[in-house]
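Sequential numbering from 1 applies to the sequence shown in full-length UniProt numbering. Contents: one structure, followed by commentary.
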Amino acid sequence: MPRSRLRWKYTEDDMAEVILDVTDNGFSPPQAAQRRGVPRTTLIDGLNGRGAVKVQIHPHRRLPKSREDRLAAWILRQESLGYAPSHSQIRACVMGLLRQQGEHPDLGRNWVIKFINRRADLKTKMGRRQEAKRFDSFTPKAVHWYFDIRDGQYGWIKPENTVNVDEGGIMTGFGLDSLVVGSADPKRKAFLKGPKTRNWTSFIEAVTADGRALVPSIIFKGKELQKQRFLEEFKQIAGDLIHAHPAVRLISRDFAHIPMCK
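Following this line, the structure appears as structure tokens:
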């Protein structure tokens, strides 16, 4: 009868431990392989940066499937923290992994695009930079708290006095928003944490619950005044409100008919 082939049973954690035994704990490759129950040839391949064939769908790819899975998990985790990586950051990360494996760190110019295309859970999207404090304050607890108190605290307000306000704007200088990689979920936006130190021009538009649109407002920071901002068709605000907070000016102009705002 032909001799049955020996089948090894080991996990990816065993592989990581056996490599640490050789690199950090002073064991020789044969001793470490026997101690952890890992084939010696597999250990040698791992020390040389080559992954086991059984964990690779395509052995000729630069990263084994297990590392591609970890890279995808890292990308999604970074997105959830507000630091979704760009294509260049992913490329730099992969090149660092290749150096760690002892391989040449060169990557094809389309490697990142092909990696994203073969991952159903990843997608390239536009990252929108948000103030870090604002990003951290938007939590499920805060949203649920608002809807819990809405009817009790604000249910008495008439629809014509209930206003939905939306803010947009442009920033002077070069933009910080960029293409990043994150979740393939189309409903999930890629917001990026970061400081907003440049001059920001805000546009505020509002509509009431009964469908009445209010006059939009434009707010300048005012550190660097430009003559073209003050066009004749722009209505001037009363002098005593020029230096007031923008919210105060908006309330005084659009909500003066409400007794509480006078």
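For each residue, glycine too, the CB sits at the ideal point set by N, CA and C.
Tell me which residue opens and which closes the beta strand (DSSP E) that residue i is part of.
{"i": "Ser-217", "result": "217-219"}
{"i": "Phe-203", "result": "200-208"}
Going by DSSP, what residue range makes up the alpha helix (DSSP H) through residue i?
{"i": "Ala-33", "result": "29-36"}
{"i": "Ala-84", "result": "Neither: Ala-84 is in no alpha helix (DSSP H) and is coded neither H nor E."}
{"i": "Ala-120", "result": "Element bounds for Ala-120: n/a, residue is neither H nor E."}
{"i": "Tyr-146", "result": "140-154"}
To which residues of the same chain is residue i closer than 8 angstroms at the C-beta, ignoring the five residues directly before and after it?
{"i": "Asp-14", "result": "Arg-36, Gly-37, Val-38"}
{"i": "Ser-28", "result": "Val-22"}
{"i": "Leu-179", "result": "Ser-86, His-87, Thr-124, Lys-125, Met-126, Gly-127"}
Would you please state the rounded distance, in angstroms, between the beta carbons of residue i and residue j? I believe it to be under 8 angstroms.
{"i": "Pro-64", "j": "Val-181", "result": "Not confirmed; about 20 angstroms, so no contact."}
{"i": "Arg-212", "j": "Glu-160", "result": "7 angstroms"}
{"i": "Ile-157", "j": "Leu-122", "result": "In fact, because the Cβ distance is near 44 angstroms, the residues do not count as touching under 8 angstroms."}
Look at the alpha carbon of residue i and the alpha carbon of residue j, and state the distance between them as a whole number of angstroms.
{"i": "Arg-129", "j": "Gln-89", "result": "17 angstroms"}
{"i": "Thr-23", "j": "Asp-148", "result": "56 angstroms"}
{"i": "Lys-114", "j": "Leu-98", "result": "17 angstroms"}
{"i": "His-144", "j": "Arg-91", "result": "39 angstroms"}
{"i": "Pro-186", "j": "Leu-107", "result": "29 angstroms"}
{"i": "Ala-32", "j": "Gly-26", "result": "9 angstroms"}
{"i": "Leu-81", "j": "Glu-103", "result": "31 angstroms"}
{"i": "Arg-61", "j": "Val-94", "result": "12 angstroms"}
{"i": "Ile-44", "j": "Pro-30", "result": "10 angstroms"}
{"i": "Trp-111", "j": "Lys-189", "result": "24 angstroms"}
{"i": "Gln-101", "j": "Ala-120", "result": "26 angstroms"}
{"i": "Glu-79", "j": "Arg-118", "result": "19 angstroms"}
{"i": "Leu-71", "j": "Gly-155", "result": "48 angstroms"}
Grab me the residues of residue i's own chain with a C-beta within less than 7 angstroms of its C-beta, minus the 5 sequence neighbours each way, in chain order.
{"i": "Gly-152", "result": "none"}
{"i": "Arg-67", "result": "Leu-97"}
{"i": "Gly-46", "result": "Met-15, Ile-19"}
{"i": "Asp-69", "result": "none"}
{"i": "Asp-210", "result": "Pro-159, Glu-160"}
{"i": "Pro-216", "result": "Phe-203, Ile-204, Glu-205"}
### Message
Is it the case that the stretch 133-147 contacts the stretch 200-219, given that we only count it when at least three CB pairs across the two stretches are under 8 angstroms?
### Response
no
### Message
Whether or not the stretch 156-166 and the stretch 205-216 are in contact is what I'm after, with contact meaning three or more pairs of Cβ atoms, one per stretch, closer than 8 angstroms; do they touch?
### Response
The answer is yes - the stretch 156-166 touches the stretch 205-216, with three or more Cβ pairs under 8 angstroms.
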